Amino acid sequence: GQNIDQPTEMTATEGAIVQINCTYQTSGFNGLFWYQQHAGEAPTFLSYNVLDGLEEKGRFSSFLSRSKGYSYLLLKELQMKDSASYLCAPWGTSNSGYALNFGKGTSLLVTP
Amino acid sequence: KAGVTQTPRYLIKTRGQQVTLSCSPISGHRSVSWYQQTPGQGLQFLFEYFSETQRNKGNFPGRFSGRQFSNSRSEMNVSTLELGDSALYLCASQGRTNTGELFFGEGSRLTVL
Numbered sequence: 001g002q003n004i005d006q007p008t009e010m011t012a013t014e015g016a017i018v019q020i021n022c023t024y025q026t027s028g029f030n031g032l033f034w035y036q037q038h039a040g041e042a043p044t045f046l047s048y049n050v051l052d053g054l055e056e057k058g059r060f061s062s063f064l065s066r067s068k069g070y071s072y073l074l075l076k077e078l079q080m081k082d083s084a085s086y087l088c089a090p091w092g093t094s095n096s097g098y099a100l101n102f103g104k105g106t107s108l109l110v111t112p
Numbered sequence: 001k002a003g004v005t006q007t008p009r010y011l012i013k014t015r016g017q018q019v020t021l022s023c024s025p026i027s028g029h030r031s032v033s034w035y036q037q038t039p040g041q042g043l044q045f046l047f048e049y050f051s052e053t054q055r056n057k058g059n060f061p062g063r064f065s066g067r068q069f070s071n072s073r074s075e076m077n078v079s080t081l082e083l084g085d086s087a088l089y090l091c092a093s094q095g096r097t098n099t100g101e102l103f104f105g106e107g108s109r110l111t112v113l
């Protein structure tokens, strides 16, 4: 099975930087996903890490340490539209096919 | 290309009834998975279908079932509805190999009274 832990809520100021942490335990490991979900909308893909290290994509970066079972999502130059829930989803090898187990999500509120 | 389409978007049922939800994946995508989302439990995996076969199943009771048709469209059914089944049911399709990126539909919001 998988145990996924991420903070429930975070608040940050517009223009600032915020880091959302995720720790996980999986049976085997294929990679780790981050998804963004705005209230009332479907989750959308943000990033996918397979190897250790930092993956940068515009204002968003995602870091992975497989040995530590740890990942974080870094959001820079925060904008009001970044207020959303951020979901961590490690993909374990015990799951054949495309069955992702998601954390409960971190609700980020960006304030002016 | 068109995204993942789910119908109906909203529905209200009473306890004991059954419900069928439909999902049309992105054209060319053969994997369809279903998730239940509630405020308390977050996004939980129900099952995944690939080429009309159930490839994975989450930890849900047998009242939850699904199937996939030859055109990759999928349906899920919940029988003997309980109040706790009230949730947003999300369908996701996946089409590329060696990556698990899921494309989600807008979901079907089920309310059980």
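The listed protein sequences correspond, in order, to chains A and B.
Sequential numbering from 1 applies to the first sequence in my numbering.
Sequential numbering from 1 applies to the second sequence in my numbering.
Each residue gets a CB set at the ideal place from its N, CA and C atoms; glycine is no exception.
Keep in mind the model is a prediction, meaning the values are calculated, not measured.
- Positions of the beta strand (DSSP E) runs, each at least 3 residues long and wholly inside the stretch 7 to 84 of chain B, are given as 10 to 13, 19 to 24, 31 to 38, 42 to 50, 53 to 57, 64 to 68 and 74 to 78 in order along the chain.
- Among the residues facing chain B, Lys104/A is included, as its CB has a counterpart in that chain under 8 Å away.
- Short of 8 Å from the beta carbon of Ser79/B, and not among the five residues preceding or following it, lie these beta carbons of its own chain, in chain order: Gln18, Arg63 and Ser65.
- The C-alpha of Arg73/B lies about 15 Å from the C-alpha of Glu106/B.
- For the set Asp5/A, Gln6/A, Thr11/A and Pro7/A, the Cα lying nearest the Cα of Leu78/A is the one of Thr11/A.
- Taken atom to atom, the span from the alpha-carbon of Phe69/B to that of Ile17/A is near 46 Å.
- Listed by position along chain B, the residues whose Cβ is nearer than 7 Å to that of Asn101/A are Phe45.
- Contact between Leu87/A and Leu43/B holds: their C-beta atoms lie close to 6 Å from each other, under 8 Å.
- Residue range Gly31 to Gln37 is occupied by the beta strand (DSSP E) that includes Gly31/A.
- Here Lys104/A is not bridged, per DSSP, to any residue.
- Looking at the backbone, the Cα of Asn101/A and that of Gly84/B are separated by about 20 Å.
- Here Ala84/A is bridged, per DSSP, to Leu108/A.
- Residue range Val18 to Gln25 is occupied by the beta strand (DSSP E) that includes Thr23/A.
- Counting along the chain, Arg109/B sits inside the beta strand (DSSP E) bounded by residues Ser108 to Val112.
- In terms of Cα proximity to Arg9/B, the closest of Leu88/B, Phe103/B, Glu101/B and Phe104/B is Leu88/B.
- Around the beta-carbon of Glu41/A, fewer than 16 other beta-carbon atoms lie within 10 Å, marking it exposed.
- Of all residues in the stretch 6 to 38 of chain B, only Ser31 and Ser33 place a beta-carbon less than 7 Å from a beta-carbon of chain A.
- By the criterion of a C-beta distance shorter than 8 Å, Gly100/B is surrounded in its chain by Gln94, once the five residues flanking it on both sides are discounted.
- No Cβ of chain B is located within less than 8 Å of the beta carbon of Trp34/A.
- Residue Ser47/A holds the alpha-carbon nearest to the alpha-carbon of Phe103/B among Ser47/A, Ser83/A and Thr111/A.
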